[in-house]
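Trainee:
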Amino acid sequence: MAANTHAIGKSYPPASYAVGREKIREFAAAVSETNPLYFDVDAARAAGYADVVAPPMFAVVYAGRAVTPALFDPEVGIDFPRMLHGGQEFRWGPLVVAGDEISTTATVKDISERGGMRFYVFETASTNQDSATVCTGTWTNIVRTES
Amino acid sequence: MHGDLDEHREDGIVNGLEPGQTIELKITPDPFVTVRYAGASGDFNPIHIDEEFAKQVGLPGRILHGLWTMAQVARAHTEAAGGPERLKALSVQFRGMGRMGEEIVVAGTVREVNGEVAVVDSNAVQAGQRLIRNAVAEVSTR
Chain A
1 MAANTHAIGK
11 SYPPASYAVG
21 REKIREFAAA
31 VSETNPLYFD
41 VDAARAAGYA
51 DVVAPPMFAV
61 VYAGRAVTPA
71 LFDPEVGIDF
81 PRMLHGGQEF
91 RWGPLVVAGD
101 EISTTATVKD
111 ISERGGMRFY
121 VFETASTNQD
131 SATVCTGTWT
141 NIVRTES
Chain B
148 MHGDLDEHRE
158 DGIVNGLEPG
168 QTIELKITPD
178 PFVTVRYAGA
188 SGDFNPIHID
198 EEFAKQVGLP
208 GRILHGLWTM
218 AQVARAHTEA
228 AGGPERLKAL
238 SVQFRGMGRM
248 GEEIVVAGTV
258 REVNGEVAVV
268 DSNAVQAGQR
278 LIRNAVAEVS
288 TR
């Protein structure tokens with residue numbers, strides 16, 4: 001069975017995310033960050049930020065939820081138990097801080113098949129409450145079609 | 148000591164960065180890192196947190212989240228550069244399965260410096276196995 005390529009270009013409704021101070025601290029601790037910018041409000045303000053700063057990889061939290069509907073979209077048709085995360089790219093704009101409201105739109109960028117593997121590539125674009133693009137992401141998932 | 152970014156900026160390795168310069172970060176994930184990361188990230192795929200489930204699907208046991216390992220690659224760059232605002236882009240390819248209890252080494256080399264952007268190539272290796280390969284970062288030099 002060939003890959004369903006007709007979903008290429010499909011977009012999903014924006015996913016919104018309210019960035020919380022404790023969530024930033026929890027995430028930063030879970031990835032062994034120690035920079036006071038991520039934990040200490042006074043340190044963040046002294047450095048010119050409105051509140052604690054989210055580590056760049058916090059994009060996983062606010063943008064990841066926008067990808068989930070695409071992963072489970074029957075029109076995309078991913079064989080989920082056989083899916084592997086093959087690659088990830090993020091490009092960052094202004095830093096995200098606690099109190100930001102982030103809106104993320106996901107798009108099916110490409111679906112292709114080669115070498116017994118199916119490649120599903122999704123793109124996300126995340127903007128803050130000031131319409132600044134804080135992060136764009138490219139999420140590549142691989143499904144083996146041969147065992 | 149709290150967050151004196153200006154001090155970091157003056158002392159940061161990236162200032163005066165030259166091609167060939169290296170960065171390194173070492174970390175040994177503890178047995179519960181995947182549980183904390185699952186909660187922090189929202190990725191509760193049982194292959195990361197349920198030993199029995201992981202073995203049932205043919206894995207040696209619970210494995211690390213690839214995006215947790217990518218976060219270590221990101222941290223190697225932000226720490227070397229002096230802060231999160233310096234990391235402009237990072238792309239990675241995920242390969243081997245990361246395990247808990249064994250040291251991971253993130254090692255990178257500056258490939259080139261174009262104006263105010265350094266391009267850094269890196270890998271993340273655990274017990275001789277590459278968990279992340281062909282990582283490319285763009286790091287602002289000011």
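Residue numbers (this note's numbering), protein chains in the order written: chain A, 1 to 147; chain B, 148 to 289. Think of the CB as a built atom: it goes at the ideal place given N, C-alpha and C, for glycine as much as any other residue. Note that the coordinates shown come from a computational prediction; the quantities given were computed from them, not determined experimentally.
I'd like the span of the beta strand (DSSP E) that includes H224 of chain B, first residue to last.
Mentor: For H224 of chain B, no beta strand (DSSP E) encloses it; the enclosing alpha helix (DSSP H) starts and ends at G213 to A228.
Trainee: Which two residues bound the contiguous alpha helix (DSSP H) that contains Q203 of chain B?
Mentor: That run of the alpha helix (DSSP H) goes E198 to Q203.
Trainee: According to DSSP, I304 of chain B sits in a beta bridge with which residue or residues?
Mentor: Because residue 304 of chain B is not part of the residues shown, which for chain B are 148 to 289, the question remains open.
Trainee: For T124 of chain A, which beta-bridge partners are listed by DSSP?
Mentor: Note: T124 of chain A sits in a beta bridge opposite A:A106 and A:G137.
Trainee: Straight-line CA distance for L278 of chain B to L84 of chain A?
Mentor: Taking the Cα positions, L278 of chain B is about 13 Å away from L84 of chain A.
Trainee: Figure out for me which residue from B:V182, B:A185 and B:A227 has the closest Cα to the Cα of S269 of chain B.
Mentor: Among B:V182, B:A185 and B:A227, the Cα nearest to that of S269 of chain B belongs to B:A227.
Trainee: Can you give, in chain order, each stretch of the alpha helix (DSSP H) that sits fully within the region 50 to 98 of chain A and has at least 4 residues?
Mentor: If only complete runs of 4 or more residues are kept, the region 50 to 98 of chain A shows the alpha helix (DSSP H) at 59 to 71, in order along the chain.
Trainee: Mind checking P128 of chain A: buried by the 16 CB within 10 Å criterion, or exposed?
Mentor: Sequence inspection shows Asn at residue 128 of chain A; the Pro mentioned does not correspond to that position. Taking every protein chain shown into account, the CB of N128 of chain A has 16 or more other CB atoms within 10 angstroms, so this residue is buried.
Trainee: CB R65 of chain A to CB G189 of chain B, shorter than 8 Å?
Mentor: yes
Trainee: Between R209 of chain B and chain A, is any beta-carbon pair separated by less than 8 Å?
Mentor: no
Trainee: Using a cut-off of 8 Å between C-beta atoms, extract the partners of T225 of chain B located in chain A.
Mentor: N35, P55 and P56
Trainee: Taking 8 Å as the cut-off, decide whether the C-beta atoms of I142 of chain A and G86 of chain A are in contact.
Mentor: A contact, by the Cβ cut-off of 8 Å.
Trainee: Determine the DSSP secondary structure at K23 of chain A, reduced to helix, strand or coil.
Mentor: helix
Trainee: Excluding sequence positions up to five away, which residues of its chain have a Cβ less than 6 Å from the Cβ of K10 of chain A?
Mentor: Cβ within range, chain order: V108.
Trainee: From A18 of chain A to Y184 of chain B, what does the alpha carbon distance come to, in whole angstroms?
Mentor: Near 19 Å, if we compare the C-alpha coordinates of Y184 of chain B and A18 of chain A.
Trainee: Please name the residue or residues paired with M117 of chain A in a DSSP beta bridge.
Mentor: Answer by DSSP bridge pairing, in chain order: A:R114 and A:R144.
Trainee: So, are the CB atoms of A50 of chain A and F122 of chain A less than 8 Å apart?
Mentor: For A50 of chain A and F122 of chain A, no; Cβs fall outside 8 Å.
Trainee: Cβ closer than 7 Å: which chain B residues qualify as neighbours of G137 of chain A?
Mentor: Near G137 of chain A there are no residues of chain B at all, since even the closest Cβ is about 10 Å away, more than 7 Å.
Trainee: With DSSP collapsed to three states, give me the class of V188 of chain B.
Mentor: For the sequence presented, residue 188 of chain B should be read as Ser rather than Val. If DSSP states are grouped into helix, strand and coil, S188 of chain B belongs with the helices.
Trainee: Based on Cα-Cα distance, which residue from A:M117, A:T136, A:F80 and A:S112 lies nearest to P56 of chain A?
Mentor: A:T136
Trainee: By the three-class DSSP mapping on this structure, what secondary structure does D268 of chain B have?
Mentor: strand
Trainee: Can you give me the C-alpha to C-alpha distance between S131 of chain A and V53 of chain A, rounded to a whole angstrom?
Mentor: Rounded to whole angstroms, the gap between the alpha carbons of S131 of chain A and V53 of chain A is 18 Å.
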